[in-house]
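First residue of the sequence shown? That's 1441 in the numbering used here, and the numbers climb one at a time after it.
Beta carbons: idealized from backbone N, C-alpha and C, even for Gly.
It should be emphasised that the depicted structure is a prediction, and the values quoted were computed from it without experimental measurement.
Read through the structure below, which is laid out as C-alpha cells, and then see the notes.
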Amino acid sequence: MTHTARRIGRSLALVLPVVLVLSGTLAVARVPWSTSGSESQVLTASSEKVNVRAKSRAPQDVLRDKLLLELQEKDPGVALTHLQREVERRPSLAQHCMSIARSLGRAAVSQYGPTRAQSFSRPVCDTSFASGVAQQTG
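Printed below as a string of C-alpha cells:
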C-alpha cells in the first residue's frame, strides 16, 4: 500500500505543476484584454493620458529654488540668513551649502549688479556667496 501511495504522489508531483501552468496560461489567454482585434484594450490603456508621478527632487535642489525665489522677492541677505538656518537645522545640507551660496551670488549679480550684490555678502558657507558674485562679474 505504501508503495502505491508513493507512486501516486510522485505522479501528482510531476503532473500537477504542468496542469496548473497550462490552465493558468489558458485562463490568461481568454481574458477580454487579450483580444486579437485591431483595437486592443492594452494599447488603448497605454495610449491614454496618464498622470506620471514627478521625480522627487533632492532637498538641496528644493532649497536652492526656494532661496533663489526669496532672493528675487526680498533680497540676498534674507536668502543667506535662511540658508544658514536650514544648514543648521538639517546638517545633511552642509555639503551643498557652498554651491547654493554661489548660485545665490550669481543670481544677486543678475538682479542687483556686482557692487550692490557684494554688499550683501556675509560669512555663510565660507565665502561662497562672494565667490559666486565674483564668477558672475569676471
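Annotated three-state conformation of P1531 is helix, per DSSP.
Each residue's CA atom was taken as its position, placing E1528 and S1559 some 24 Å apart. Secondary structure note for S1561: it is in no alpha helix (DSSP H), with a DSSP letter that is neither H nor E.
Shown here, A1498 sits in coil according to DSSP, grouped into three states, outside any helix or strand.
Closest in alpha carbon position to I1540, among L1523, A1498 and E1510, is L1523. Excluding five sequence positions before and after C1565, the CB atoms of its chain that fall closer than 6 Å to its own CB belong to C1537, M1538 and A1541, given in chain order. Annotated three-state conformation of K1506 is helix, per DSSP. For L1520, the closest C-alpha among the options Q1576, R1546, P1457 and L1456 is that of R1546.
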